[in-house]
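> My questions all concern the structure below.
In the working numbering, the protein residues as written are 1 to 397.
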């Protein structure tokens, strides 16, 4: 490897020896592509003409209830595909084609990354296989249909907890046997080096746009940038541009599920400890014997016992703060944003909204002016069936 892939004490590449050549090839291809203006031009062009960038920054007109506190939403929900996942799926798809790969595989939890990968597979004419926990296949049936409609093969994973962790295990296992002609399009800033760096860099466009847009709207930087954190790609995408701005608080919101005092949550940074998972040293939820613990969240996309290693570094270095929102708090925020602004967020994004509303209330109570930016990472269409079962069970079919 030309680079260590370390973020402070975290990151690296802990993989079977058979995968080292594949990671070395990927790193080499990415470093070459990053310095190639023609690659950047094609990527930027597709972000504009296919994905629909730039996405807007929307000021919430009704949600805060206090004109001194402004809450802006970075609207990744309006991106083609319905979530930020399209950004890096496009980038990795182009990179795979540049490497001469003929097929794509991916894993997905909420299905948004699977949809994005299926989209790019169709766009570039590359057969695509998506691994998905059987529990998530049931929770996200609409996204499964969308993937299949675009020609992708969806493989339900029935091992373990039947969620994202197990889907990632199966995808890695398949890639070990097929990497010579197959690119593994990892969906978040996790996994072995160079994936955390590649995914972060392709998602960085979110932060670049948000920084320019808030400066244009307010003439200053925000007091805080807030984003939900499962694996953490949408958060790294918007955080990265603001890391040098020490006066801008970076706040990641993990899923507290039924509460941090229970074992039904997915708050990896708040309740986990360092270890190695899926090829990377990071924070992991573990039981007393050091085995990877099962997680819970109302949001399939946050239901992961690990987290991107750069988030572990940002937490331990003190540059970012990590908090958690429960399922109930996220569902309340899901409804409040829908009713007050006419914007239905993904369950994942609703966790970020839930904590931002606490920050709004604190600022309003203290009589402070504040400007907050929340990364609305995806739209809630995919969560409609689950939302109806949870919020309106009498009308569920």
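Glycine included, C-beta positions come from ideal geometry on N, C-alpha and C.
Have a look at residue 165 and residue 97 and give me their C-alpha separation to the nearest angstrom.
Looking at the two C-alpha atoms, the distance is approximately 27 Å.
> Please determine, among 3, 373, 138, 19, the residue with the shortest C-alpha to C-alpha distance to residue 176.
The candidate whose alpha carbon is nearest that of residue 176 is 19.
> If you reduce the DSSP assignment to three classes, tell me which class residue 132 lands in.
Here residue 132 sits in strand by DSSP.
> Return the Cβ separation of residue 23 and residue 194 in integer angstroms, given the expectation that the two are a contact with Cβ distance under 8 Å.
About 7 Å separates the two Cβ atoms, so the contact holds.
> For residue 153 and residue 317, I'd like the C-alpha separation in whole angstroms.
Taking the straight line joining both Cα atoms gives about 41 Å.
> Since residue 280 is in the alpha helix (DSSP H), which residue starts that stretch and which ends it?
Per DSSP, residue 280 belongs to no alpha helix (DSSP H); it is in the beta strand (DSSP E), 280 to 284.
> Suppose the cutoff is 6 Å on Cβ atoms and the five residues either side in sequence are ignored; what does the same chain contact list for residue 211 look like?
So the qualifying residues of the chain are 241.
> Could you check the C-alpha separation between residue 203 and residue 167 for me, to the nearest Å?
One C-alpha to the other measures close to 22 Å.
> Does the contact criterion of 3 or more C-beta pairs under 8 Å hold for the segment 105 to 125 versus the segment 80 to 95?
Cβ pair count under 8 Å is three or more, so yes.
> From the DSSP output, read off the bridge partner residues of residue 228.
DSSP, once it has assigned bridges, lists 253 as partnering residue 228.
> For residue 53, which beta-bridge partners are listed by DSSP?
Beta-bridge pairing links residue 53 to no other residue.
> Does DSSP classify residue 153 as helix, strand or coil?
Residue 153 falls in the strand class under three-state DSSP.
> In chain order, which beta strand (DSSP E) runs of at least 3 residues are fully inside the segment 61 to 139?
Entirely contained in the segment 61 to 139, the beta strand (DSSP E) runs reaching 3 residues are, in chain order, 69 to 75, 103 to 108, 128 to 133.
> Is the beta carbon of residue 185 closer than 7 Å to that of residue 110?
Going by C-beta atoms, residue 110 is not nearer than 7 Å to residue 185.
> Taking the alpha-carbon positions, what's the residue 28 to residue 34 distance?
The straight-line gap from Cα to Cα measures roughly 10 Å.
> Out of 155, 42, 134, 344, state which residue places its alpha-carbon closest to the alpha-carbon of residue 384.
Among 155, 42, 134, 344, the Cα nearest to that of residue 384 is on 344.
> How would you call residue 334, buried or exposed, if buried means at least 16 neighbouring beta carbons within 10 angstroms?
Counting Cβ neighbours within 10 Å, residue 334 comes out buried, since at least 16 surround it.
> Apart from the five residues on each side of it in sequence, which residues of its chain come closer than 7 Å, Cβ to Cβ, to residue 8?
Taken in chain order, the residues that qualify are 313, 316, 317.
> On the three-state DSSP scale, how would you describe residue 376?
Looking at residue 376 - three-state DSSP - the assignment turns out to be strand.
> Report yes or no: do the segment 223 to 233 and the segment 247 to 256 share at least 3 C-beta pairs separated by less than 8 Å?
Segments in contact, yes.
> Would you mind giving the Cβ-Cβ distance between residue 264 and residue 296, rounded to the nearest angstrom? I have them listed as a contact below 8 Å.
Sure, about 4 Å apart at Cβ, within 8 Å.
> Run through DSSP, which three-state label would residue 304 get?
Coil.
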